[in-house]
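Asks: One structure follows; several queries about it will come next.
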Amino acid sequence: MKVRKTIISLLVTFAMLLTQSAIFSLPASAQGEPSAEKNAYINGSKNAQNGTEDQAVRVELDDTISYEVTVNPPVLSTVSVPSFKSKAPQPVPINFLNGSFEDPVITGDSKMVSTSTPGFGWYNTAEEIVEIQKTPATTSNFYAEFAKNIPDGKQYAELNANTPGRLYQHCNTTPGTKVYWEFYHGARGCKTGENTDVMHFYLSNINSSSPDGYDLIATATDSYTKGSSTYTWGYYTGTWTVPQGQTITTSGRHHLLSKKEEERRKRARGDVNSM
20 MKVRKTIISL LVTFAMLLTQ SAIFSLPASA QGEPSAEKNA YINGSKNAQN
70 GTEDQAVRVE LDDTISYEVT VNPPVLSTVS VPSFKSKAPQ PVPINFLNGS
120 FEDPVITGDS KMVSTSTPGF GWYNTAEEIV EIQKTPATTS NFYAEFAKNI
170 PDGKQYAELN ANTPGRLYQH CNTTPGTKVY WEFYHGARGC KTGENTDVMH
220 FYLSNINSSS PDGYDLIATA TDSYTKGSST YTWGYYTGTW TVPQGQTITT
270 SGRHHLLSKK EEERRKRARG DVNSM
């Protein structure tokens, strides 16, 4: 594209008075700037009379000089436009409810909470209740023998409170995304001496080879000596990738009982912080 601008009929009045004439030169475009071209025409001439720095063109008073300036826009360099991939679906926060069992707030040291309680979020494969306990215990009973501290909040859940079972809940998940999970687990500690409890942490997998469709993600093993003034919670954390096609994931925690423990109905409990 060329843009032309012509200045017409410039009357020469800057002549040297002694000779009644003047000289001028119109330099060519400077090197490195080829985008502009300038020409001068005297008294309607069709031929450009630009002159040079070494040889000027003579003009007389009352001569008419027309200038023509042609501007050529610079040639833009060709830049390859990078190709962009479509943005991957962005995961949303997992709708994991009541991770540390703070809802509902219980009165006393322990309470059986119905799994149908609004906002509770948890289910039990063994029964429709979950035993929630509070720390520190407000009465001098067996609840005060352990868990004098708690890593999050003031309440925790006891696994296998009445009947061996699995605590679980369903969560909406985005296929192919990574889930970051964590939980705390502690031993029940109700028998004399050292008490060791083991809990399995599961996540459902539509491609799992296990009969129940769950993957074993972690095994928590913790101990507590009855009467000890020190209680330690085990902390467990990791990542897990949601299988393709799986939009709902079930998170479950199951305490393992030995045959002797089952016969004596020993209890175990664990506290879950969040996925």
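Add 19 to the 1-based position in the sequence shown for the working numbering, that's all there is to it.
We put the beta carbon where it would ideally sit given N, CA and C, even for glycine.
Because the structure is a prediction, the values reported are computed rather than measured.
1. Please say whether W252 and Y199 have beta carbons closer to each other than 7 Å?
2. Per DSSP, V324 forms a beta bridge with which residues?
3. Rounded to a whole number of angstroms, what is the C-alpha to C-alpha distance between G264 and D216?
4. Between the Cα of G140 and the Cα atoms of S119, N69 and T258, which residue gives the shortest distance?
5. In whole angstroms, what is the alpha-carbon distance linking G205 and K130?
6. For a test of the three-state rule: what should DSSP assign to K130, helix, strand or coil?
7. Please work out which residues of its chain come closer than 8 Å, Cβ to Cβ, to R185, disregarding the five sequence neighbours upstream and downstream, and give them in chain order.
8. DSSP on K153, reduced to helix/strand/coil?
9. Expressed to the nearest angstrom, what Euclidean distance is found between the alpha-carbon atoms of N299 and I169?
10. Restricting to Cα atoms, I'd like to know which of T249, D82, F115 and H219 is closest to A239.
11. Applying the 10 Å Cβ sphere with the 16-neighbour rule, what's the burial state of G127?
12. Per DSSP, what kind of secondary structure is F139 in: helix, strand or coil?
13. Starting from the C-beta of S227, find all residues in its chain whose C-beta is less than 8 Å away, skip the five residues before and the five after it, and write them out in chain order.
14. Do you know offhand how far V78's Cα is from Q68's?
15. Can you check which of these residues, S223, G172, Y175 and E177, is closest to H189 by C-alpha distance?
16. From N62, G208, E147 and G246, pick the residue whose C-alpha is nearest to that of P183; which is it?
17. Report buried or exposed for T268, applying the criterion of at least 16 other Cβ atoms within 10 angstroms of its Cβ.
Replies: If we stick to the structure as given:
1. No. Outside cutoff.
2. This structure gives no information on residue 324, because the portion of the chain shown stretches from 20 to 294.
3. Roughly 35 Å separates the two Cα atoms.
4. For G140, the closest alpha carbon among the candidates S119, N69 and T258 is that of S119.
5. When the Cα atoms are used, G205 and K130 turn out to be separated by approximately 19 Å.
6. Three-state result, K130: strand.
7. These residues qualify, in order along the chain: N143, T144, A145, Y221, G271, R272 and H273.
8. Here DSSP, grouped into helix, strand and coil, assigns K153 to strand.
9. Since the first residue of the chain shown is 20 and the last is 294, residue 299 is not available in this structure.
10. Per the Cα distances, H219.
11. With fewer than 16 Cβ atoms within 10 Å of its Cβ, G127 is classed as exposed.
12. For F139, the secondary structure class from DSSP, reduced to helix, strand or coil, is coil.
13. Closer than 8 Å at Cβ, skipping near neighbours: Y233 and D234.
14. Taken atom to atom, the span from the alpha-carbon of V78 to that of Q68 is near 11 Å.
15. Ranking the options by Cα distance to H189, first place goes to S223.
16. The residue from N62, G208, E147 and G246 with its alpha-carbon nearest to that of P183 is E147.
17. T268 is buried by the Cβ-count criterion.
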